[in-house]
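Asks: First residue of the sequence shown: -12, per this note's numbering; consecutive thereafter.
Virtual Cβ for every residue (Gly too), placed ideally from N, Cα, C.
Please find one structure pasted underneath; my questions will follow.
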Amino acid sequence: LRRLWPKYLREIRTVPVMSPGLSRVPPGLDWRNPEAILRRLRIDSRNRSELIARFRPPRNISRGGTNEAEKVFRRFCRRLLRTYKEHRNQPQTCSVSHMSKYLHFGQVSPLWLALEVRKHSEAGRINIDSYIDELLVRRELSINWVEFTPHYERYDALPRWARETLAKHARDRRPHLYSRAQLEAAETHDPYWNAAMNEMRCTGYMHNHMRMYWGKKILEWSPTPEEAHATALALNNKYFIDGRDPNSFANVAWIFGLHDRPWPERPIFGKVRYMNARGLERKCDIAAYLKRVERLMAKSP
């Protein structure tokens, strides 16, 4: 893929805007008040309540728009790109670009990001290549999987080997079991997991390394792998600003073995990759991450 970058990473051709602004919005429709719009729709009251709940934005939310996306990304390139390879998996530093939400809503182009990041040669080739690998290789892999996988949102879209090994261990004893409501309220015995869930509810974002741990524990603490998949996807799509994205569906499926290989067999997980708290403690400053989330929560209204 890297050999093809010079062929495809070229400046974007612009075209005139055909319909500027929101001139086609019907009179009397205020997009700033989604709850009022939903109340006008002829839908079942229970479904309407659920939709209204989903429209309530996280607190500490960032600003949207192309101008904001480009400003945030240029700041990332100046301040954090030079240590990206080393720090991108360190949740306590949050040394990431935060572009996924802008990409999800089409407010920034992945081509523009790739071209812009390559301008910062002072950050080092290893960091630039690492970023482009995440942007183009991993992201496009998710998009490709969603495009060519029927019913990609379902549990049965997982690889056969993963479903078979999880089924084999579906009746294994689980030391901890939590309902979806308990998980959503961050009411577990695990302070690291609770912090990750609170970060998601507070900001609509969770560091990718914590997303992996978050999902693996949902698998471990749910009565069945099928229920775990449904819970992880529901919470992912409800709270993440970049939820309901090809990356979201692929990332949730990764928890259960997609785009991964079989690992040594163990209870509950079978041959699906396992993660534990000791791994977090070994690989990052998890205590600093807890403090960062505490500060976020303290700022919330």
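I want to know whether the stretch 204 to 215 touches the stretch 103 to 110 - three or more CB-CB distances under 8 angstroms.
Replies: The answer is no - the stretch 103 to 110 does not touch the stretch 204 to 215, with fewer than three Cβ pairs under 8 angstroms.
Asks: With burial defined as no fewer than 16 other Cβ atoms inside 10 Å of the residue's Cβ, what is the status of A168: buried or exposed?
Replies: As a working mapping, residue 168 is identified with position 181 in the sequence shown. Exposed.
Asks: Could you tell me if E151 is buried or exposed, where buried requires 16 or more neighbouring beta carbons within 10 angstroms of its beta carbon?
Replies: Along the sequence shown, read from residue 1 onward, the residue named residue 151 stands at position 164. Per the 10 Å Cβ criterion, exposed.
Asks: Pick out the complete alpha helix (DSSP H) segments inside the stretch 79 to 150, 4 residues or longer, and give them in chain order.
Replies: Counting only runs of 4 or more, we get 87 to 91, 97 to 104, 112 to 119, 126 to 135.
Asks: Let me confirm a value: D177 is counted as buried when at least 16 other C-beta atoms fall within 10 Å, else exposed. Which label applies?
Replies: The residue labelled residue 177 in the question sits at position 190 within the sequence shown. Classification of D177: buried, given that the 10 Å Cβ count is 16 or more.
Asks: Looking only at its chain, what residues have a beta carbon closer than 6 angstroms to the beta carbon of A56, apart from the 5 residues adjacent to it on each side?
Replies: Position 69 of the sequence shown, counted from the first residue, corresponds to residue 56. Excluding sequence neighbours, A56 sits near Y89, Q94, V95.
Asks: When you compare the stretch 58 to 70 with the stretch 79 to 88, are there three or more beta-carbon pairs, one atom per stretch, that lie closer than 8 angstroms?
Replies: They touch, by the three-pair rule.
Asks: Quick check on this structure: which residue in R188, H246, P78 has the alpha carbon closest to the alpha carbon of E268?
Replies: Indexing the sequence shown from 1 puts residue 268 at position 281. Measuring from the Cα of E268, the nearest candidate turns out to be P78.
Asks: In three-state DSSP terms, what is R282?
Replies: The sequence position of residue 282 within the sequence shown is 295, counting from 1. In the structure shown, R282 sits in a helix (DSSP, three-state: H, G or I).
Asks: Using only the alpha-carbon positions, how far apart do T175 and R69 sit?
Replies: To locate residue 175, count along the sequence shown from 1; it is residue 188. To locate residue 69, count along the sequence shown from 1; it is residue 82. So the alpha carbons of these two residues sit roughly 37 angstroms apart.
Asks: Just checking, does the stretch 115 to 126 make contact with the stretch 217 to 227 on the three C-beta pairs under 8 angstroms criterion?
Replies: Too few Cβ pairs lie closer than 8 angstroms, so no.
Asks: On the three-state DSSP scale, how would you describe G266?
Replies: Residue mapping note: residue 266 aligns to position 279 of the sequence shown, counting from 1. In the structure shown, G266 sits in a helix (DSSP, three-state: H, G or I).
Asks: When burial is assigned at 16 or more other CB atoms within 10 Å of the CB, is K203 buried or exposed?
Replies: In the sequence shown, residue 203 corresponds to position 216, counting from 1. Burial call: buried.
Asks: What are the complete alpha helix (DSSP H) segments, minimum 4 residues, inside the stretch 152 to 181?
Replies: Runs found: 167 to 171.
Asks: Let me confirm a value: I(-1) is counted as buried when at least 16 other C-beta atoms fall within 10 Å, else exposed. Which label applies?
Replies: As a working mapping, residue -1 is identified with position 12 in the sequence shown. The residue in question, I(-1), is exposed, as its Cβ has fewer than 16 Cβ neighbours within 10 Å.
Asks: Based on Cα-Cα distance, which residue from V124, K72, K278 lies nearest to L(-9)?
Replies: To locate residue -9, count along the sequence shown from 1; it is residue 4. The option with the nearest alpha carbon to L(-9) is V124.
Asks: Three or more C-beta pairs closer than 8 angstroms, one from the stretch 185 to 202 and one from the stretch 138 to 152: is that the case here?
Replies: In short, these stretches do not touch, since the Cβ pair count stays below three.
Asks: Which class does G15 belong to by DSSP, given the choice of helix, strand or coil?
Replies: Counting from one through the sequence shown, the residue named residue 15 turns up at place 28. G15: coil per DSSP, three-state reduction.
Asks: Following the continuous alpha helix (DSSP H) through S235, name the residue where it begins and the one where it ends.
Replies: For the purposes of this step, residue 235 is identified with residue 248 of the sequence shown, where counting begins at 1. Looking at the DSSP string, the run of the alpha helix (DSSP H) that includes S235 is 233 to 242.
Asks: Are H91 and R188 close, meaning C-beta to C-beta below 9 angstroms?
Replies: As a position in the sequence shown, residue 91 is number 104, starting the count at 1. As a position in the sequence shown, residue 188 is number 201, starting the count at 1. Taking 9 angstroms as the Cβ cut-off, H91 and R188 do not qualify as a contacting pair.
Asks: Could you give the residue range of the alpha helix (DSSP H) that holds C64?
Replies: As a working mapping, residue 64 is identified with position 77 in the sequence shown. Taken as a continuous stretch (DSSP letters only), the alpha helix (DSSP H) holding C64 covers 53 to 66.
Asks: Taking L245 as the reference, give the member of A149, L(-4), R(-3), N54 with the closest Cα.
Replies: One-based indexing of the sequence shown puts residue 245 at position 258. When each option's Cα is compared against that of L245, the closest is A149.
Asks: Would you decide whether D229 is buried or exposed? Buried here means 16 or more other CB atoms lie within 10 Å of its CB.
Replies: For the purposes of this step, residue 229 is taken as the residue at position 242 of the sequence shown. Buried, because 16 or more other Cβ atoms sit within 10 Å of the Cβ of D229.
Asks: Report buried or exposed for R75, applying the criterion of at least 16 other Cβ atoms within 10 angstroms of its Cβ.
Replies: Taking the sequence shown and counting its residues from 1, one reaches residue 75 at position 88. It is buried - the Cβ of R75 has at least 16 other Cβ atoms within 10 Å.
Asks: Going by Cα to Cα distance, which pick from S166, R282, G191 is closest to A215?
Replies: Residue 215 sits at position 228 when you count from the first residue of the sequence shown. Ranking S166, R282, G191 by Cα distance to A215 puts S166 first.
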